[in-house]
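Written below as structure tokens is the structure these notes are about.
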DNA sequence: CTTGACATTGACATCAATGTCAATGTCTAC
DNA sequence: GTAGACATTGACATTGATGTCAATGTCAAG
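What follows is the structure, encoded as structure tokens:
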């Protein structure tokens, strides 16, 4: 699958897909012509990356999480990394809670909003 | 309460507090000397703003949500705004789901991580 | 009153995420 | 093989969120 296909299926601009690759978040193979070649898993990966980036998760952490999900992941890490991840986890929890609260506000609002006669 | 106090209590730089104000997210009163004056509610507000910004929520939406919570909110909005908010709500849900998934990955990892003998 | 801590505004710098454009190569279809 | 669609890399511009600095005013303590 070529980059354009991935872009179409994920709604993420090719520009960004290449950017994520430059950030170490994707590692597509290359065809004999030099074109990037993606598989189904990459499509999923791109969607997840997009969501995380949009959610303000730093690329370092995104990469760490994605790497962890690789079957080759050794479950090993330095104490520093563990601590850093622990902090991120706490921050993530707080963020999720905060976003959830806003979602409720928004949902409640949309449920009861008064839209004046169409302009 | 002065800006420095708010900064200290929230961990948000004074620079950012002023920035949020410039974005319409805060409206501190002013002392006779021209200093910004904040109250307890502002401290809370700043914390929430920070969380949202960190979570990638656009300031426009943050302002909308915060405004909605004001008792003076009229529950009125244009159809466009309602639609925009609906979209944002969906995006928010997706983000929350995605972050939650990552949180689980992270939590699971930290629970089973092998930290090699301290370096 | 002077000094030091803190406030103000405003300008400039940076960084990440993104858009856009250009010059060029590749592929598909006619 | 030629045209048009799509790919490549790389450069440049922009925007939002920040840091930082400068020039200046305010305030509290000695």
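Protein chains in written order, with our numbering: chain A, 888 to 1006; chain B, 888 to 1006.
Glycine is no exception: its CB is placed at the ideal position from the N, C-alpha and C atoms.
Note: residue 1001(B) is bridge-paired with 963(A) in the DSSP secondary-structure output. Residue 933(A) counts as buried, since no fewer than 16 other beta carbons sit within 10 angstroms of its beta carbon.
Ranked by Cα distance from residue 907(B), the options 978(B), 921(B), 929(B) are led by 929(B).
Note that the C-beta distance between residue 888(A) and residue 926(A) is below 8 Å. Note on the segment 924-984 of chain A: whole alpha helix (DSSP H) runs with a minimum of 4 residues are 927-941, 946-955, in chain order. Look at residue 938(B): its C-beta is under 8 Å from a C-beta on chain A. Chain B has no Cβ within less than 8 Å of the Cβ of residue 898(A). Ranked by Cα distance from residue 995(B), the first of 981(A), 960(A), 1000(A), 936(A) is 960(A). Interface flag for residue 990(B) against chain A is set, since a Cβ pair is found closer than 8 Å. Less than 8 Å divides the Cβ of residue 985(A) from the Cβ of residue 942(B). Interface annotation, residue 956(B): in contact with chain A, CB-CB separation under 8 Å. Within the segment 906-927 of chain A, not one residue has a Cβ closer than 8 Å to any Cβ of chain B.
Apart from sequence neighbours up to five positions away, the residues of its chain that approach residue 900(B) with a beta-carbon distance below 7 Å are 894, ordered along the chain.
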